[in-house]
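Counting from 1, position 205 in the sequence shown corresponds to residue 205 in full-length UniProt numbering; the numbering is continuous, with no gaps. Data block below; observations after.
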Amino acid sequence: MTALLEVKNLRIAYGKIEAVKGITFTVHTGQVVTLIGTNGAGKTTTLRTLSGLHPPLAGTIHFDGRPLTGIPAHDIVARGLAHSPEGRHIFPRLTIAENLQLGAFLRKDTAGITKDTQRVYDLFPILGERRNQAAGTLSGGEQQMLAMGRALMSRPKLLMLDEPSMGLSPIMMRKIMDTIAELKATGTTILLVEQNAQAALSLADHGHVMEVGKIVLSGTGADLLHDESVRKAYLGED
Ligand code: ATP
C-alpha cells in the first residue's frame, strides 16, 4: 500500500540552526498519525514545511504519489493538504461564515461548498448559531473549532492539526478531541501535532515521539501510551 504522505530523511533549518534533523514517517489514507514531544522538538516546523511555508534543507516529501517540495503553498492546498495552524490564525473581524468561505478559496463548486459549510455547522453547532458574528467574539475553544472547520472547507485528503488542544479548558479539549475522533470515524486522514500526549495517543493509529529535531520512538498509539519511557516523560508518571 502506498502512503498518502511519505516523509523521508527530512531536515529543516532556520539559518544555521537545524530544527529538524532527518525524520522519516508515513501517513496512510484513513489513519490518524500523531507527532508528540515537548516544546521546540520541531513539530510545528515539520507541519510548516509540509504546507510549503518553510523550505526543507534536505530529504523528500511525497504526497498522493507526487513530490511536494518546491511547490507553492496554495498549490499544496489545491492538492489536498490542509493545515490548521498553531494559534489558530482566524480573521477576527470577519464573520464565522466568511472565515469558512476563505477555507474554500480554491473551490468553484458552489453546491459542494454549501454542503461542506453545513457539515462544519453540524460538527460544531455553535459555529452555525453564530455564523454572522465576528469570529473575534468566539472563545478560544470556539476559535479552534473555526480553524478546524476552515481547514475542512478545502475538502482535504490530509488534515494537519497543530496543537488543537492548546490553551483550552478540559471540557473544551475533550470536545475537540471527540471531534477529531468523529472525523477519523468518517474517514478523514489526520496528522495531529500535540503536546497533550495522552489525548493524542488515545486516538492515533500511529505516533512518533520527537525530541530536539529527531524521532526517538515510534509505535501504535496504544503501544506508546503503555510505553514506560513515554509515560514517564510525557504523561507525568514517576
Ligand atoms: P512548540 O510546541 O513550542 O511549537 P515544536 O515541537 O512545534 O514546539 P518548533 O516550533 O518546530 O517546535 O521549533 C523547533 C526549533 O526551531 C526550536 O528550537 C525553535 O526555537 C526553532 N524555531 C522555530 N521557529 C523559528 C524561527 N522562525 N526562527 C528561528 N528558529 C525557530
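Every residue gets a Cβ at the ideal spot worked out from N, C-alpha and C, and that includes glycine. Remember, it's a predicted structure, so these values are computed and weren't measured experimentally.
Take the alpha-carbon of Ser-51 and the one of Asp-227: they are about 31 Å apart. Taking the Cα positions, Lys-43 is about 16 Å away from Gly-59.
Annotated three-state conformation of Ile-90 is coil, per DSSP. Using a Cβ-Cβ distance cut-off of 8 Å, the stretch 124–133 and the stretch 151–163 are not in contact, since fewer than three pairs of beta carbons, one from each stretch, lie closer than that value. In this structure, Gly-22 sits away from Lys-157, with a CB-CB distance that is not shorter than 9 Å.
Taking the CA atoms as reference points, Val-212 sits about 11 Å from Ile-17.
Within the same chain, and ignoring the five residues on either side of Glu-86 in sequence, the residues whose Cβ sits closer than 6 Å to its Cβ are Thr-44, Asp-162 and Glu-163. Excluding its 5 nearest sequence neighbours in each direction, Leu-53 has C-beta neighbours in its own chain below 7 Å: Ala-73, listed in chain order.
Under DSSP, Ala-82 shares a beta bridge with Leu-159. Between Glu-194 and Thr-34 a beta carbon distance of about 6 Å is seen, short of the 8 Å cut, so the two are scored as contacting.
With contacts defined as CB atoms closer than 9 Å, His-62 and Glu-6 qualify as a contacting pair.
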